[in-house]
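Participant: The structure follows.
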Amino acid sequence: MEKKSILITGGAGFIGSHVVRLFVNKYPDYQIVNFDKLTYAGNLENLSDVDEKPNYTFVKGDILDEAFVEETFVKYSINSVIHLAAESHVDRSITNPLEFIQTNVIGTANLMNVARKCWGDDFSDKLFYHVSTDEVYGSLGETGYFTEETPYDPRSPYSSSKASSDHLVRAYFHTYNFPMVISNCSNNYGANQFPEKLIPLFINNIKEEKALPVYGKGDNIRDWLWVNDHADAIDVIFHNGKQGDTYNIGGNNEWQNIELIKFLCKIMDEKLGREEGSSEKLITYVKDRSGHDQRYAIDATKLKNDLGWSPSIKFEDGLENTVQWYLDNEDWLNNVTSGDYKKYYNRQYNAR
Ligand code: NAD
Ligand code: TYD
């Protein structure tokens, strides 16, 4: 069997950095190539603990740049891809949908085209793992769950672009026998998440005693999963998933936004030694997100029954641990919010 040489796209982002760390540390015999454009969401500081490891390489590049992707495939003899690079924030997709279509749809097709070109017809020991979201299934009412058979019904430019890429990946499997697997995961939370998403944004705002902008009535429901658990699930599916298949990944952990926010406020009051109830006073109801999906809820039975994976920690512990991480890593948060994190790249890589 060939030595594994894995291209992880989007490895400097939130989830990607946890996947890179897990693979670099757990599989010293694999070569891990982190391919990332370093958009506003990509931050190499997330990986400062692994960037000197011999089985790790960072390559700054754009998945839309077909020639450079091909050069990278050849240079590192890439035989697997874990594809996480994407534009990932729903609100940004409402403002700028084309960027999402470019990166998420065309970028994914580019990567697969290069993989087909470099791998030829010999797909033994090859895998293209496409990381996707539960948002492709649309919005649920009060009952029901998304299973792998739920028809796609994306309703935001972000989820539509991810749905489109999922369809393309499956089409390549059916048309070319392309060796792929897909997972669709629920909302992640944890260390290193860019503070535009609900949990890190609200942690930062509470810390700075700024308003907490709750969209609409705050009654939307999300299923939250600790990012380290998502990375573990990706490891399990990468190694044991069936080619051509899709796996839903979820936390069995539904929260109405306002309940989650109040719980977060309570933890923050305790951690910051503030009077009980003081963070809740920052809650401000604002205009709803357009097309705001009401409820997401994942049925992850297939992953549990077929591959034995289930989440490792309780949400209460994961959230507490996450809040602590943001409080302990004030520099990270300050660098990200000020844009200073780009200096890390210049220091670390331009000097080489
Ligand atoms: P993120 O926005 O934190 O990171 C995305 C990364 O992709 C960044 O490092 C960015 O620099 C890189 N990137 C963007 N465009 C690129 C391009 N053209 N070429 C190369 N790199 C590029 O995203 P995330 O939250 O870590 O999500 C990662 C993946 O997981 C995405 O595909 C997303 O759809 C999916 N996902 C996310 C969640 C979630 O809750 N965050 C849940 C389920 C699935
Ligand atoms: P978000 O973290 O953007 O993830 P997604 O939209 O992909 O689920 O938002 C999670 C939920 O929180 C979603 O219902 C929108 C809501 N939300 C707010 O109420 N206020 C905010 O400022 C943000 C960013 C999100």
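In this text, residue positions in the sequence shown follow the working numbering: the first is 682, and each later residue adds one. We put the beta carbon where it would ideally sit given N, CA and C, even for glycine. Note that the structure is a prediction, hence the values are computed from the model and not measured.
Taking DSSP's pairing of strands, which residues face Leu1014 in a bridge?
Facilitator: Answer is none; Leu1014 lacks a bridge partner.
Participant: Is it buried or exposed, Val755, if we count other Cβ atoms within 10 angstroms and call 16 or more buried?
Facilitator: exposed
Participant: In the DSSP assignment, find the unbroken alpha helix (DSSP H) run with Pro709 in it and report its ends.
Facilitator: Element bounds for Pro709: n/a, residue is neither H nor E.
Participant: If Ser729 and Ser774 are in contact, beta carbons under 8 Å, what's the gap, nearest whole angstrom?
Facilitator: With a Cβ gap of about 30 Å, Ser729 and Ser774 do not count as contacting.
Participant: What is the DSSP secondary structure of Ser717, counted as helix, strand or coil?
Facilitator: The displayed chain sequence assigns Asp, not Ser, to residue 717. When secondary structure is reduced to three states using DSSP, Asp717 falls in the strand class.
Participant: Using three-state DSSP, classify Pro860 as helix, strand or coil.
Facilitator: In this structure, Pro860 counts as coil in the three-state DSSP scheme.
Participant: Could you give the C-beta distance for Gly922 and Val862, rounded to a whole number, given that I count them as a contact under 8 Å?
Facilitator: 4 Å
Participant: Which two residues bound the contiguous alpha helix (DSSP H) that contains Ser774?
Facilitator: 771-776
Participant: So, helix, strand or coil for Ile930, using DSSP?
Facilitator: Assigned with DSSP and collapsed to three states, Ile930 falls in strand.
Participant: Rounded to a whole number of angstroms, what is the C-alpha to C-alpha distance between Thr856 and Tyr896?
Facilitator: 42 Å
Participant: Which value, in whole angstroms, describes the spacing of the CA atoms of Lys734 and Glu1001?
Facilitator: 30 Å
Participant: Taking C-alpha atoms, which residue in Val786, Asn1027, Asn727, Trp990 lies nearest to Ser813?
Facilitator: Out of Val786, Asn1027, Asn727, Trp990, the CA that lies nearest to the CA of Ser813 is found in Val786.
Participant: Using the rule of at least 16 other Cβ atoms within 10 Å of the residue's Cβ for burial, across every protein chain shown, is Tyr966 buried or exposed?
Facilitator: So Tyr966 counts as exposed.
Participant: Below 7 Å, is the gap between the Cβ of Ile918 and the nearest heavy atom of the ligand NAD?
Facilitator: Not one heavy atom of the ligand NAD sits closer than 7 Å to the Cβ of Ile918.
Participant: For the beta strand (DSSP E) that contains Lys741, what are its first and last residues?
Facilitator: 737-741
Participant: Roughly how many angstroms lie between the CA atoms of Gln937 and Gly899, to the nearest whole one?
Facilitator: 7 Å
Participant: Kindly indicate which residue of Thr690, Thr1003, Ser686, Asn934 has the alpha-carbon position closest to the one of Phe875.
Facilitator: Thr1003
Participant: Looking at Pro894 and the ligand TYD, is the gap between the Cβ and the nearest heavy atom below 7 Å?
Facilitator: yes
Participant: Can you look up Ser686 in the DSSP assignment and give me helix, strand or coil?
Facilitator: strand
Participant: How many Å lie between Asn777 and Met949 at the Cα?
Facilitator: 33 Å
Participant: Label Leu1050 either buried or exposed according to how many other C-beta atoms from any shown protein chain fall within 10 Å of its C-beta, with 16 as the threshold for buried.
Facilitator: The requested residue 1050 does not occur in the structure, where the chain is confined to residues 682 to 1033.
Participant: Once the 5 residues before and after Asn794 are set aside, which same chain residues still bring their CB inside 8 Å of it?
Facilitator: Around Asn794: Glu747.
Participant: Ser774 CB to nearest chain B CB: under 8 Å?
Facilitator: The question asks about chain B, but that chain is absent: this structure has only one protein chain.
Participant: Return the first residue and the last residue of the alpha helix (DSSP H) that Arg797 is part of.
Facilitator: 788-800
Participant: Taking only the alpha-carbon atoms, compute the straight-line gap between Gly819 and Asp732 and give it to the nearest angstrom.
Facilitator: 38 Å
Participant: Check this for me: beta carbons of Glu751 and Asn1016, under 8 Å apart or not?
Facilitator: no
Participant: According to DSSP, what are the bridge partners of Phe827?
Facilitator: Ile979
Participant: Of all the options Pro894, Ser761, Ser840, Gly691, which has the alpha carbon lying nearest to the alpha carbon of Pro860?
Facilitator: Ser761
Participant: Spell out a yes or no on whether the stretch 982-1000 and the stretch 901-914 are touching, meaning 3 or more CB-CB pairs, one atom from each, closer than 8 Å.
Facilitator: yes
Participant: In angstroms with no decimal places, state the Cα-to-Cα distance between Asn929 and Lys684.
Facilitator: 28 Å
Participant: How close, in whole Å, do the beta carbons of His764 and Thr690 come, if the pair is a contact with beta carbons under 8 Å?
Facilitator: Contact flag correct, Cβ pair sits at about 5 Å.
Participant: Could you tell me the boundaries of the beta strand (DSSP E) in which Asn869 lies?
Facilitator: Taken as a continuous stretch (DSSP letters only), the beta strand (DSSP E) holding Asn869 covers 868-870.
Participant: For Lys718, count the other beta carbons within 10 Å of its own beta carbon; 16 or more makes it buried, fewer makes it exposed. Which is it?
Facilitator: Buried: at least 16 other Cβ atoms inside 10 Å.
Participant: Within a Cβ cutoff of 8 Å, which residues of the same chain sit near Cys866, ignoring the five residues on either side of it in sequence?
Facilitator: Val812, Ser813, Thr814, Asp815, Leu906, His911, Ala914, Asn929, Ile930, Gly931, Ile979
Participant: Buried or exposed: Asp772, going by 16 or more other Cβ atoms within 10 Å of its Cβ?
Facilitator: exposed
Participant: Whole angstroms is fine: what's the gap from Ile942's alpha carbon to Ile964's?
Facilitator: 8 Å
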